[in-house]
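Asks:
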Amino acid sequence: MGQDAKVTVEELKKHLQKFCEARDWDQFHSPKELAIGLITESSELLEHFRFQSDEQIKLMLQNGDSRSKIADELADAFFFVLRFAQLHGFDLTDAYFAKMERNEKKYPVEKARGSNKKYTDL
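In my numbering, each number is its position in the sequence shown, counted from 1, plus 1187.
1. What first and last residue would you give for the alpha helix (DSSP H) that runs through Leu1248?
2. Is Ala1264 close to the ligand MG? I mean its beta-carbon at under 7 angstroms from any heavy atom of the ligand.
3. Specify, as a first and last residue, the run of the alpha helix (DSSP H) that Val1296 falls within.
4. Would you grab the beta carbon distance between Ile1257 and Leu1232 for me? Rounded to a whole angstrom, and I think it's under 8 angstroms.
5. Using alpha carbons as the reference points, say which of Leu1279, Leu1274 and Glu1197 lies closest to Phe1215.
Now the structure itself:
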C-alpha cells in the first residue's frame, strides 16, 4: 500500500515548504509562474499518451518503466498545485469538497450517468 492513506495534505505542504525554502525558491513561485509550471507539467504528462491507442495506454500503465515516468509527471504537476496552495493559503480539501458540491448540482446522476456532455448540454 502507498502513502496516500497515511499522509495529510498539510504534511505534504509543510514538506514542500521546507524543500523550497531551503533552496530559496519563493522568489520564483509567483502565482503566474506556478500556473505556468502546472500547465507545462500537465503537457508533459499528456505527451506520454499522444498518438497512443487505448490498448497501448493500458499497456503503458502496466509497464514498470513507463508507469514510473507517468508517475513522475503526475508528481511534477502535483508539486505546482500543492506549492500554489501552500504559498497562497488555499485549503485543497475544502476547495475540493466545495467544487464537488457544485458539480453534484451541475451533473445530477439522473442526467449525467453514462454521458460525457458538459453540464450546459445535459
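Ideal placement from N, C-alpha and C gives every residue a C-beta, glycine not left out.
Replies: Reading off the structure:
1. Asp1241 to Gln1249
2. Because no ligand of any kind appears in the structure shown, any question about the ligand MG cannot be addressed here.
3. Val1296 to Ala1299
4. 7 angstroms
5. Leu1274
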